[in-house]
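The listed protein sequences derive, respectively, from chains A and B. 1237 is the number that the numbering used here gives the last residue of the first sequence; the numbers go up by one with no jumps. 224 is the number that the numbering used here gives the last residue of the second sequence; the numbers go up by one with no jumps. One structure is given here, and the rest of the page talks about it.
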Amino acid sequence: MLMLHCPFCDEYVEETELQAGGEAHLKRFGPGSSDDEFHDYLFTRENPKGVHFELWRHINGCGKWFIAARCTVTLEVFGTYPANCTEPPQWIKDKISEKRPGWTWREFAG
Amino acid sequence: MSDPVSALKGARHAGLVEVRETGLGGMITLRGDLDSDAIKSAVKSVTGADVPALRKIALGDAGAAAWMSPDELLLLVDYAEADAVVAKLDEALVGTHYMATNVSDARACFSVSGEAAREVMGKLAPVDFSAAKFGAGDFRRSRLAQVAAAFWMDDAGAFHIVCFRSVGQYMFDLLKVASHPQSAVGVY
Ligand SMILES: [Zn+2]
């Protein structure tokens, strides 16, 4: 059973209260972008072995979106934070660095 | 005018707990900045209650206010008063960024009372109902089996459930099954 901390409800909630929203921190490329950029925005996703960032929504709850930083190998959850940001906040980067020194994910690193 | 009736017209069931459809309840969705003085005083003036803390319900002399999300409250008032309360809120909140909507007719309300109330709720929602984690005045949005629901506990230890009216029969049936006399678990 997966439980994640909803940063809005300040409560560990069970997976069945949540909806998975796919990869986090995507930058949207819409009108005016190149075909390649638009293609990558729509289809190119990370598939890392290790640190990963995912969007989740507390759908049977407050209804808000948040981001979970997780390890795809051990399923360890490093932490969760509200989704209204364009990159992982420093505290979560630090937390991941403690456990996975030298980690990188897309353009982000510890 | 036709007479308003509730989803299950006050249906009751007695098993491990008493399940009751509690009739028409006035419910208003209020969204806005919950830390603002405008919202605080508006909530106070229509319900008598303070803006509730995180995952709490605050009671007042004319109603109650429940925490739905960081920018949303559920106001519980008299069914017959709901439209008038919305009009009052509209007046009090002119110029602020907010939304107040009467959602009473979209909802059904139930109560679950008796010794085994925590256990019956615990069979249906992925929530810790131990006394240390869930007590009087606590409010939670979650799901009961397959449908979304919000619930809180009153001072007498009874649970009050709000769900969509369209799933009212399903909710009643769920609670009936979960309170079957031979289904006691005795976990709480
Ligand atoms: Zn939440």
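Each residue gets a CB set at the ideal place from its N, CA and C atoms; glycine is no exception.
For residue i versus residue j, is the C-beta distance shorter than 8 Å?
i: Val82 of chain B; j: Leu111 of chain B; result: yes
i: Asp126 of chain B; j: Ala136 of chain B; result: yes
i: Trp1183 of chain A; j: Ala1196 of chain A; result: no
i: Pro162 of chain B; j: Thr1207 of chain A; result: no
i: Val183 of chain B; j: Cys199 of chain B; result: yes
i: Leu211 of chain B; j: Val113 of chain B; result: no
Sort the options by Cα distance to residue i and report the nearest one.
i: Ala89 of chain B; options: B:Gly173, B:Ala43, B:Val198 and B:Gly46; result: B:Gly173
i: Pro1209 of chain A; options: A:Leu1129, A:Cys1198 and A:His1185; result: A:His1185
i: Asp1221 of chain A; options: A:Ala1196, A:Gly1237 and A:Phe1165; result: A:Gly1237
i: Leu44 of chain B; options: B:Ala181, B:Ala144 and B:Ser166; result: B:Ala144
i: Leu66 of chain B; options: B:Ile75, B:Thr58 and B:Gly193; result: B:Ile75
i: Ala186 of chain B; options: B:Arg48, B:Ser215 and B:Ala102; result: B:Ala102
i: Tyr1139 of chain A; options: B:Lys169, B:Lys80, B:Tyr115 and B:Val122; result: B:Lys169
i: His216 of chain B; options: B:Asp39, B:Val203 and B:Ala50; result: B:Ala50
i: Ser140 of chain B; options: B:Asp119, B:Val213, B:Arg91 and B:Ser38; result: B:Asp119
i: Gly59 of chain B; options: B:Asp190, B:Leu52, B:Val41 and B:Gly68; result: B:Val41
i: Ala220 of chain B; options: B:Ser38, B:Gly150 and B:Ile93; result: B:Gly150
i: Gly1148 of chain A; options: A:Trp1230, A:His1166, A:Asp1167 and A:Lys1191; result: A:Lys1191
i: Leu95 of chain B; options: B:Ile197, B:Trp188 and B:Tyr134; result: B:Trp188
i: Arg48 of chain B; options: B:Gly171, B:Phe146, B:Phe165 and B:Ala192; result: B:Phe146
Would you check whether ligand 1 has a heavy atom nearer than 7 Å to the C-beta of residue i?
i: Gly1259 of chain A; result: Outside the shown range of chain A (1128 to 1237) lies residue 1259 of chain A, about which nothing can therefore be said.
i: Gly171 of chain B; result: no
i: Phe1238 of chain A; result: With chain A running from 1128 to 1237 in the structure shown, residue 1238 of chain A is simply not present.
i: Gly1188 of chain A; result: yes
i: Lys1191 of chain A; result: yes
i: His1166 of chain A; result: no
i: His1179 of chain A; result: no
i: His1132 of chain A; result: no
i: His216 of chain B; result: no
i: His196 of chain B; result: no
i: His1185 of chain A; result: yes
With a CB to CB cut of under 7 Å and the five nearest residues on each side skipped, what residues in its chain are close to residue i?
i: Cys1136 of chain A; result: His1185, Gly1188 and Cys1189
i: Glu117 of chain B; result: Gly62
i: Asn138 of chain B; result: Ile64, Ala118, Asp119 and Val122
i: Tyr206 of chain B; result: Val183
i: Lys159 of chain B; result: Ala214
i: Val1204 of chain A; result: Leu1131, Ala1195 and Arg1197
So, at 6 Å on beta carbons, what are the nonlocal neighbours of residue i in its own chain, with the 5 sequence-adjacent residues on each side left out?
i: Arg1227 of chain A; result: Val1178
i: Asp97 of chain B; result: Gly84
i: Ala128 of chain B; result: Ala78
i: Trp1232 of chain A; result: Val1178
i: Glu1181 of chain A; result: Ala1151 and Ala1195
Going by beta carbon distance, what residues of the same chain come within less than 8 Å of residue i, once the five residues before and after it are set aside?
i: Glu1214 of chain A; result: His1152 and Phe1235
i: Ala167 of chain B; result: Arg154 and Tyr224
i: Ser72 of chain B; result: Thr132
i: Met104 of chain B; result: Thr65, Leu110, Arg177 and Ala186
i: Pro106 of chain B; result: Leu70
i: Pro1175 of chain A; result: Thr1199 and Trp1232
Since residue i meets chain E, which of its residues come closer than 9 Å, beta carbon to beta carbon?
i: Leu70 of chain B; result: Judged by its chain identifiers, the structure shown contains no chain E, and its protein chains are A and B.
Say yes only if the C-beta of residue i is nearer than 7 Å to one or more non-hydrogen atoms of ligand 2, and no if none qualify.
i: Leu211 of chain B; result: In the structure on display, ligand 2 does not appear, and the ligands it does have are ligand 1.
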